[in-house]
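Working notes, structure below.
Number of protein chains: 2
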Amino acid sequence: MARTAKSSRTLLNDCQICITRRNGLCEDCTPETLRALAGCRSGDRKFQAGQDIFSLGVPCDAIYSLVSGWAFRYNLLDDGRRQILDFALPGAVLGFHPARGATATFGAQALTDAVVRVIPRKALHSLSKQRPEIGMQLAWLISRDCSLAFDHLTSLGRHSARERIAHLLLELFIRYRSQWPGIRTEEMHLPLTQEHIGDATGLTAVHANRVLRDLRREGIVEFHYRRLRILDPDKLIDVAAIDPHLAMSWIRQPPSD
Amino acid sequence: MARTAKSSRTLLNDCQICITRRNGLCEDCTPETLRALAGCRSGDRKFQAGQDIFSLGVPCDAIYSLVSGWAFRYNLLDDGRRQILDFALPGAVLGFHPARGATATFGAQALTDAVVRVIPRKALHSLSKQRPEIGMQLAWLISRDCSLAFDHLTSLGRHSARERIAHLLLELFIRYRSQWPGIRTEEMHLPLTQEHIGDATGLTAVHANRVLRDLRREGIVEFHYRRLRILDPDKLIDVAAIDPHLAMSWIRQPPSD
DNA sequence: CGTTAAGTTGATCCTGCTCAAGGTCGGTGG
DNA sequence: CCACCGACCTTGAGCAGGATCAACTTAACG
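So the sequence lines, in the order shown, correspond to chains H and A. Number 200 in numbering that gives the first Met the number 0 belongs to position 201 of the first sequence; there are no gaps in the numbering. Number 98 in numbering that gives the first Met the number 0 belongs to position 99 of the second sequence; there are no gaps in the numbering.
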């Protein structure tokens, strides 16, 4: 049993310590990649909440880096059902389709008003020649996405509704808070509807609602009109059945070398 | 409705055509990356079927490239349940943890006897300086894994047991066949147990068995003692509810530039 | 103050899980 | 050659976690 009572109890604080120790991580943790990509500022575009950044099945010859705001990637089924693949915070690379003329196999949508840096394939190509280290850093960023996707896969495949929702809320909370090291409050603005939560966890919105109600009644978390409050972190970690190692991996740590 | 009757019917053949047109793809589609990595031949290791290539939670300072055989990546829960994240064919990059001292958040296991090229983080680092293009190619390889993981996520979150199993079998069949462009037979050696299939699709082995029985009775596919036979490709594609675009993306296509 | 999107709750149904008992295949040793 | 064993496959009966459908409430916003 990897998850002990002690480690559960101190997880949130450990993350906090790890973050505050590396002071100013907010800037610091932004990989070189993104600073380099800042050179292509010409391509910045604004999106309104609810607007598609790129759409499923449409040819896509660029990569997208989220500068500000929230976004999510998703898939649509023929019958209109949706699966949310992940949520993106500033600094995320949203689509990487470097093949010419490839069509997007998933879509991305802004959750709040957002600014996105669009880097055309050609620009990326020449950029990576000027600054060869960008390739490896991009690989690292994407491999992080991949690890997150693997966690979600485990969650959908082998966890109960309760565990999945606890997992999601905890993940978003920790990832969000790691961007603002100073703040220790256990409350945040989480720009999701219950339908988003359902679509991310493979549940119906109705069932997501019931689970959230139970968690609220038990005094674990409160999610009401886009405000998330974690009332009992220990219990939440317990319900989510999270391995503390895993939670640490959610915090963006650029490769050291 | 993206999936039309016609496109369903010709999907397998389209893939075939696309493959045979680029003759000798088996070699050709192997990205430069792997050929470059071939320089580190010193690190080749053999694994027996069932043996872990690397294990969950163990510090991991290298990347692994599958040279021959089948493997899979997986996650374990505290209670012993397992989620299989994906199956790897030769050419796949299995673990990418370039941070010093990072622990693996998933494990990898050989499904058949396998040869794996182990490239320590340091070697990769210096290699990427000698051959800067490696970074981008690695990024591309990993982004492909990520797309596959996204497909599985959609499958687990929003598809029925029947659809998930059909999807998995079709995916493995197409990916496998794309390595052997000449062969058109609709039969292959698939070194999985029904437990693997259950663990990959988020089902119990018992239920996976029932679904496979139904598919067999309906004359769609036969999976018996590690032999997969696709009896009715059209129906299988239909049951899997696959968008042909998606299936095309399973075939490894290196970035063209 | 009316409208709309989102949240809430109940009743009922069904997909897939659990538990349990065989059955089949391939290998191994007497 | 046969008996035995272990891993895997197969099937049944009963149960339960979430889905579905439908009605109603609440909050936000112009």
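Here a beta-carbon is modelled for each residue, glycine too, at the ideal position from N, C-alpha and C.
Flag this pair as yes or no: are the beta carbons of residue i and residue j separated by less than 8 Å?
i: H/T200; j: H/I164; result: yes
i: A/G56; j: A/A103; result: yes
i: A/Q108; j: A/G197; result: no
i: H/L168; j: A/L152; result: no
i: A/S177; j: A/I250; result: yes
i: A/A239; j: A/E162; result: yes
i: H/G156; j: A/L155; result: yes
i: A/M135; j: H/S127; result: yes
i: A/A148; j: H/F53; result: no
i: H/D144; j: A/C145; result: yes
i: H/F222; j: H/L235; result: no
Closest by CA to residue i, which one among the options?
i: H/D43; options: H/H151, H/V117 and H/A61; result: H/V117
i: A/Q47; options: A/Q82, A/F105 and A/L110; result: A/L110
i: H/F172; options: H/L75, H/R209, H/V220 and H/A148; result: H/V220
i: H/H124; options: H/V114, H/F95 and H/I236; result: H/F95
i: H/A91; options: H/V66, H/G106 and H/A113; result: H/V66
i: A/A87; options: A/L189, A/P243, A/C59 and A/K121; result: A/L189
i: A/H195; options: A/F53, A/N74 and A/S54; result: A/N74
i: H/I83; options: H/Q193, H/V210 and H/L214; result: H/Q193
i: H/K45; options: H/D60, H/A70, H/C59 and H/R120; result: H/A70
i: A/G79; options: H/R225, H/M187, H/V210 and H/H158; result: H/H158
i: H/D242; options: A/S64, A/G218, A/G68 and A/D77; result: A/D77
Might you give, ordered along the chain, the residues of its own chain that have their beta carbon closer than 7 Å to the beta carbon of residue i, omitting 5 neighbours on each side?
i: A/E185; result: R228, I229 and P232
i: H/I62; result: V92, G94, F95, I118 and L123
i: A/T29; result: At A/T29 the pLDDT is 46, less than 50, meaning the model places this residue with poor confidence; the figure from the coordinates comes in the next sentence. If we look at A/T29 and ignore the five residues flanking it on each side, its Cβ neighbours are G90.
i: A/N208; result: Q193
i: H/A138; result: none
i: H/Y175; result: L88 and M187
Measuring only between beta-carbons, confirm whether residue i sits less than 8 Å from chain A.
i: H/R116; result: no
i: H/N74; result: yes
i: H/Q47; result: no
i: H/P131; result: yes
i: H/L88; result: no
i: H/G134; result: yes
i: H/D77; result: yes
i: H/T203; result: no
i: H/T192; result: no
i: H/I141; result: yes
i: H/S127; result: yes
i: H/L24; result: With a pLDDT of 32 at H/L24, under the threshold of 50, the predicted position of this residue should be treated as unreliable, and no value is reported.
i: H/R157; result: yes
i: H/A70; result: no
i: H/F53; result: no
i: H/S64; result: no
i: H/G56; result: yes
Against chain H, with Cβ distances strictly below 8 Å, would residue i count as a contact?
i: A/M187; result: no
i: A/D144; result: yes
i: A/C28; result: Any reading at A/C28 must be qualified, since the residue scores a pLDDT of 39, below 50, and its modelled position is unreliable; the value itself is stated next. For A/C28, the answer is no, since every Cβ of chain H falls outside 8 Å of its Cβ.
i: A/Q82; result: yes
i: A/H195; result: no
i: A/H166; result: no
i: A/L235; result: no
i: A/F222; result: no
i: A/F105; result: yes
i: A/F172; result: no
i: A/A138; result: yes
i: A/T148; result: Note that residue 148 of chain A is Ala in the sequence shown, not Thr. So, interface residue.
i: A/H206; result: no
i: A/A122; result: no
i: A/L245; result: yes
Name the DSSP bridge partner or partners of residue i?
i: A/P115; result: Reading off the sequence, residue 115 of chain A comes out as Val, not Pro. Partner(s): A/R44 and A/L65.
i: A/G106; result: A/Y73
i: H/H158; result: Answer by DSSP bridge pairing: none, since H/H158 is not bridged.
i: A/F95; result: Answer is none; A/F95 lacks a bridge partner.
i: H/E186; result: H/R228
i: A/H124; result: Answer is none; A/H124 lacks a bridge partner.
i: A/P58; result: A/T102
i: A/I83; result: A/Y73
Cutting at 6 Å between CB atoms, please list the residues of its own chain near residue i, excluding the five before and the five after it.
i: A/R72; result: L84, D85, F105 and A107
i: H/H166; result: S154 and A239
i: A/C25; result: Note that A/C25 scores a pLDDT of 34, beneath 50, so its modelled location is shaky and nothing firm can be said.
i: H/L214; result: V220
i: H/E217; result: none
With a CB to CB cut of under 8 Å and the five nearest residues on each side skipped, what residues in its chain are close to residue i?
i: A/T3; result: The pLDDT assigned to A/T3 is 42, lower than 50, so where the model puts this residue is not dependable; a value taken from the coordinates is nonetheless given after this. Closer than 8 Å at Cβ, skipping near neighbours: no residue.
i: H/R81; result: Y73, N74, L75 and D198
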